[in-house]
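K.L.:
Let me give you the structure first, and then I'll get to my questions.
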Amino acid sequence: MIEQLEYYSKHSPMTYLPNTPELKTLKEKLPDTVPDIVETVQNTLIHVYWIERYGIKYIEGHSSVLSTRSVADILRQVYQHHPVNLQEKRNLIEKTIGNCRDFTVLGVAFMREKGIPARARCGFATYFSSPEMKLKYIDHWVIEYWNRDNERWVMVDSQIDTFQRETLKLDFNTFDVPHDKFITGGAAWNMCREGKADPDSFGIHEMHGMGFIRGDMIRDLAALAKVPLLPWDCWGTILDKEITGLDLLDKVAEVTQPATMTYKEIMELYQHPRLKVPEIITSWEGMNKPIQVKLSDLTEKMSDG
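Going by the numbering used here, the letters in the sequence shown line up with residues 90 to 394, in that order.
So this is what it looks like as structure tokens:
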């Protein structure tokens with residue numbers, strides 16, 4: 090356990106924050122506690138799907154990090170948009186547009202910066218659906234951090250602020266999200282394989298089904314290996330048109346279960362060539378034609394400590 094906690098308390102190239110002048114300015118007075126870190130994230134980003142609900146009209150060219158992978162690059166764009174430290178209150182228009190993945194990786198980075206073991210989780214939330222929707226489990230990301238007081242991993246939804254909580258009429262603690270409210274990719278896979286849920290009730294927009302669940306499950310495995318990519322980044326078996334290799338996929342579901350997973354099993358399984366994130370991936374940025382992306386050009390070099 091000590092090795093696992095040490096691993097998740099340290100940065101990866103995706104979350105590393107170099108000591109450049111602009112990032113030093115942003116990081117000044119970064120808080121130490123999870124609730125305050127979440128508040129800082131919410132003071133930095135505004136969710137792309139919630140802009141108009143907040144009463145803001147979307148403006149073409151507004152600062153956005155929807156296609157930005159590393160936290161260092163996210164914060165560089167934040168600085169360009171509004172060059173003050175993250176503790177200074179931003180109004181809604183001064184925030185940078187992101188999505189649930191961006192809220193998550195930013196929170197993970199800030200927690201690791203403070204020595205708090207944290208990791209991103211990819212899966213599905215039940216609390217964005219409504220009775221008239223066919224989709225009951227909506228594609229989503231949350232933070233999972235080690236609560237030292239209770240000695241357990243706790244899921245936190247860093248996207249949900251007071252306004253969203255009241256709008257969605259949530260009846261649970263978003264700083265300790267129950268496992269039946271956020272379903273990890275592997276848990277969703279098992280539910281459908283066991284006939285306990287309809288695969289077509291998992292997804293987002295017009296995308297759903299076992300292929301979509303497979304993608305979230307493998308992205309979750311990569312996130313557990315500290316490579317939290319974009320929701321539309323694809324590689325390996327995610328790109329297969331047909332679902333094959335069920336034994337391997339069932340193994341991914343097994344080792345990523347929150348209650349039973351072990352650091353050693355995750356690291357070993359992630360090395361499989363059909364699962365590990367390669368140097369070049371395929372990305373559907375903007376949901377248009379796929380492009381090839383070289384990750385080493387887009388992640389931070391951890392050269393200065």
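Beta carbons are placed, not taken as given, at the ideal position from N, Cα and C, and that holds for glycine.
Values in this document were obtained by computation on a predicted structure and should not be read as measured data.
Short check: CB of Gly68 to CB of Val231, under 9 Å?
P.N.:
The displayed coordinates of the chain run from 90 to 394. Any statement about residue 68 would go beyond what the structure contains.
K.L.:
What are the partner residues of Thr185, as DSSP defines its beta bridges?
P.N.:
Answer by DSSP bridge pairing, in chain order: Leu134.
K.L.:
Identify, in the order they occur along the chain, each residue of the same chain with its Cβ nearer than 7 Å to the Cβ of Val197, setting aside the five sequence neighbours on each side.
P.N.:
Contacts found: Thr104, Ala207, Arg208, Ala209, Ile232.
K.L.:
For Gln166 and Gly284, I'd like the C-alpha separation in whole angstroms.
P.N.:
Roughly 44 Å between the two C-alpha positions.
K.L.:
When the Cα of Pro320 is compared with those of Cys189, Lys378, Glu128, which residue comes out closest?
P.N.:
Of the candidates Cys189, Lys378, Glu128, the one whose C-alpha sits nearest the C-alpha of Pro320 is Cys189.
K.L.:
Per DSSP, Ser153 forms a beta bridge with which residues?
P.N.:
Ile186.
K.L.:
Rounded to the nearest angstrom, how far is the Cβ of Ile135 from that of Ile227, given a contact under 8 Å?
P.N.:
Going by Cβ atoms, the distance from Ile135 to Ile227 rounds to 19 Å, so no, they are not a contact pair.
K.L.:
Using the three-state DSSP reduction, which class does Ile369 fall into: helix, strand or coil?
P.N.:
In the structure shown, Ile369 sits in a strand (DSSP, three-state: E or B).
K.L.:
Please state the DSSP three-state secondary structure of Lys353.
P.N.:
If DSSP states are grouped into helix, strand and coil, Lys353 belongs with the helices.
K.L.:
Could you tell me if Ile370 is buried or exposed, where buried requires 16 or more neighbouring beta carbons within 10 angstroms of its beta carbon?
P.N.:
Buried is the call here.
K.L.:
Starting from Asn279, trace the alpha helix (DSSP H) both ways and give me its first and last residue.
P.N.:
Note, Asn279: alpha helix (DSSP H), 274-282.
K.L.:
Skipping 5 residues on each side, what residues in its chain have a beta carbon closer than 8 Å to that of Val154?
P.N.:
Taken in chain order, the residues that qualify are Leu134, Asp162, Ile163, Gln166, Val167, Thr185, Ile186, Gly187, Asp191.
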